[in-house]
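As they're listed, the protein sequences go chains A and B.
Quick note: the first sequence uses my numbering, first residue 437, plus one each step.
Quick note: the second sequence uses my numbering, first residue 8, plus one each step.
Quick reminder that beta carbons are idealized off the backbone N, C-alpha and C, glycines included.
Please read these numbers as outputs of a predicted model, since none were measured by experiment.
Heads up: the structure comes next, in structure tokens.
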Amino acid sequence: MPESQIGSDEKSWVEELKKGNKEALAPLVEFYKKRAYSIALGFVHNQEDALEMSQLAFIKVYRSIRHFDSQRAFFPWFYQILRNTCFNFLQKKKNLKEEVLEEGSGPADPSIFTITQNPEEDFQAAERKKLLAQAIEQLKPKEKEILLMQHFHQMSYSEIAESLGIPIGTVMSRLYQARCSLRTYLEKHYRIGSAHEL
Amino acid sequence: MSCDPFHLSITAYLDGEIGKEEENKLMAHLAQCPSCREELSAHRQIKELSAYLRLRQPEDQAWTDYWAGIYNRLERRLAWILVTAGAALLGVSLIFFLVEEFFLQQSFPWPLRLGAVLAVTGLFLLLLSVLREHSALRKSDRYEGIIR
């Protein structure tokens, strides 16, 4: 579907939702569910929780749609709701862990990534991909979030800026810093000094 | 000339977010700056490498059930409101009924009458408390306040 068509459909779905038509949520969910899940996964690091949080965010969209200004883009607003939903969940989970579990006794979260392997590629190429996944996981939260938004959620700079409430210049500098951190990590762990051989 | 301003240009260039004029300036700078060329190459490799990573996806069944999960919860919320409103009405009616038909009847011993009325009133207050809690939770919902 062309982007302009999606944009006009999205506006009409939002208008219907504002009128209280619950069914209008269905196409919005259908259109954004995979993206919402992926974003949530980046925050909560668990597939089941990511599904739950993304669903909860859609329910919150339905309940608070009357506050949404239809003149603005829907997705950055939705992103904020989803992000806050995940942060609240993580805060509750952290409190629960502190109350119930001894520190470090729980199993480590699995990687949020799967790696596309080429059967003919050499060991080094596979190792580089694995290292990159590890490098992304160890980024500072702000760098990781912005990198996921740009690389994996296909968000434009203006969408990222609006979603996070920051200037585009800050988006660029965080992305630059994130890539520098990845480069440093890869060079350190791959034991290669030259950037050309990353 | 300092390379700092071009670092952000390199980022924008790689992401296809650079303007024509800025791109021309970057190209001119890259032509005479090996350090920035190396930076561009390293960041490009990282971006290309990240194309081989995919965020872990759930089973297909999860997508099939996805909308139903949302819809059912929206529906249940309405059902819950109706049930509690109905229960509240029943509670009030029961208290009136007990006071009129039971508490004021002299044929039952007074401790029995008082105990029954206290118990029912307590249940009603509990019900009210649940309703108030639910209402307070809705009012303090942070996401309802997000206005764009």
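Nearest to residue 109 of chain B (by Cα), restricted to the options B:127, B:92, B:75 and B:97: With distances taken between Cα atoms, residue 109 of chain B lies closest to B:127.
Supposed close pair residue 56 of chain B, residue 568 of chain A - CB separation, criterion 8 Å: Contact holds; Cβ gap of about 5 Å.
Near-chain B residues of the stretch 585-601 of chain A (beta-carbon distance less than 8 Å), N- to C-terminal order: Near chain B, meaning a CB-to-CB distance below 8 Å, the residues of the stretch 585-601 of chain A are 586, 587, 588, 592 and 593.
Proximal residues to residue 105 of chain B (C-beta, below 8 Å), its chain only, five neighbours per side dropped: Taking residue 105 of chain B as the centre and dropping the five residues before and after it, the same chain places the C-beta of 123, 124 and 127 closer than 8 Å to its C-beta, in chain order.
Nearest neighbour of residue 607 of chain A, chosen from A:617, A:620 and A:579 [CA to CA]: It is A:579 whose Cα lies nearest to the Cα of residue 607 of chain A.
Listed by chain order, chain A residues near residue 20 of chain B by CB distance under 9 Å: For residue 20 of chain B, no chain A residue has a Cβ inside 9 Å of its Cβ, as the nearest lies near 11 Å away.
Contact test: residue 17 of chain B Cβ vs the ligand MN heavy atom, cutoff 8 Å: The model depicted lacks the ligand MN and carries no ligand whatsoever.
Residue 177 of chain B in three-state terms, based on DSSP: Chain B is shown from 8 up to 155; residue 177 of chain B falls before or after that span and cannot be answered.
Helix, strand or coil at residue 539 of chain A according to DSSP, with G and I counted as helix: Bear in mind that a pLDDT of 47 at residue 539 of chain A, under 50, signals an unreliable position, so the number given afterwards is only what the model happens to contain. In the structure shown, residue 539 of chain A sits in coil (DSSP, three-state: anything other than H, G, I, E or B).
Beta-carbon spacing of residue 509 of chain A, residue 493 of chain A below 9 Å: No. Outside cutoff.
Residue-level contact to chain A via CB, residue 74 of chain B, 9 Å cutoff: Chain A, which has a Cβ nearer than 9 Å to the Cβ of residue 74 of chain B, makes this yes.
Nonlocal neighbours in the same chain, by C-beta distance under 6 Å from residue 585 of chain A, ignoring five residues either side: 591 and 596.
Neighbourhood of residue 38 of chain B by C-beta distance below 8 Å, restricted to the same chain and skipping five residues each side: Spatial neighbours of residue 38 of chain B in its own chain (CB-CB distance under 8 Å, excluding positions within 5 residues in sequence) are not present.
Coarse secondary structure for residue 549 of chain A, derived from DSSP in three states: Collapsing the DSSP output to three states places residue 549 of chain A in a strand.
is_contact[residue 538 of chain A, chain B] using C-beta, thresh 9 Å: Unreliable positioning characterises residue 538 of chain A in this predicted model, as indicated by a pLDDT of 49, which lies under 50. A coordinate reading is not provided.
Residue range of the unbroken alpha helix (DSSP H) whose run includes residue 495 of chain A: That run of the alpha helix (DSSP H) goes 483-500.
Nonlocal neighbours in the same chain, by C-beta distance under 8 Å from residue 121 of chain B, ignoring five residues either side: Beyond the five residues adjoining it in sequence on each side, residue 121 of chain B comes within less than 8 Å, by CB distance, of 110 in the same chain, given in chain order.
Close beta carbons around residue 473 of chain A, own chain, < 7 Å, minus the five adjacent residues each side: Only residues of its own chain outside the window of five on either side were considered, and among them 486, 487 and 490 have a CB closer than 7 Å to the CB of residue 473 of chain A, listed in chain order.
Three-pair Cβ contact test at 8 Å for the stretch 52-67 of chain B versus the stretch 611-624 of chain A: Contact between the stretch 52-67 of chain B and the stretch 611-624 of chain A is present, with at least three C-beta pairs closer than 8 Å.
Pairwise C-alpha distance: residue 611 of chain A and residue 157 of chain B: Residue 157 of chain B lies beyond the range of chain B shown here (8 to 155); nothing can be said about it.
Other residues of its chain near residue 512 of chain A: CB distance less than 8 Å, five sequence neighbours each side excluded: Answer for residue 512 of chain A: 595, 598 and 599, listed in chain order.
Contact set between the stretch 466-481 of chain A and chain B, restricted to residues whose Cβ is under 8 Å from the partner: Residues passing the 8 Å Cβ filter: 466, 469, 470, 473, 474, 477 and 478.
Where residue 455 of chain A falls: helix, strand or coil (DSSP): Residue 455 of chain A: coil per DSSP, three-state reduction.
The stretch 63-89 of chain B: positions lying closer than 8 Å to chain A by Cβ: Per Cβ criterion, the list reads 63, 64, 65, 69, 70, 73, 74, 76, 77, 78, 80 and 81.
Sufficient close CB pairs (3 or more, under 8 Å) joining the stretch 492-506 of chain A to the stretch 461-468 of chain A: The stretch 492-506 of chain A makes contact with the stretch 461-468 of chain A: 3 or more CB pairs, one atom from each, lie closer than 8 Å.
Short-range partners of chain A found in the stretch 39-59 of chain B, where Cβ spacing is below 9 Å: Flagged, chain order: 45, 46, 48, 49, 50, 52, 53, 54, 56, 57, 58 and 59.
Cβ-Cβ distance between residue 95 of chain B and residue 133 of chain B below 9 Å: Contact: no.
Per-residue contacts from residue 552 of chain A into chain B (C-beta, under 7 Å): Counting only Cβ-Cβ distances below 7 Å, residue 552 of chain A has contacts in chain B at 59 and 61, in chain order.
C-beta atoms of residue 582 of chain A and residue 60 of chain B nearer than 9 Å: Contact flag unset, no.
Proximity test, Cβ basis, 9 Å: residue 108 of chain B and chain A: Cβ-Cβ to chain A under 9 Å: no for residue 108 of chain B.
3-residue-minimum beta strand (DSSP E) runs that sit fully inside the stretch 48-130 of chain B, ordered along the chain: Runs of the beta strand (DSSP E) inside the stretch 48-130 of chain B: 60-62.
Same chain, Cβ closer than 7 Å to residue 101 of chain B, neighbours up to 5 away in sequence not counted: Hits under 7 Å: 127.
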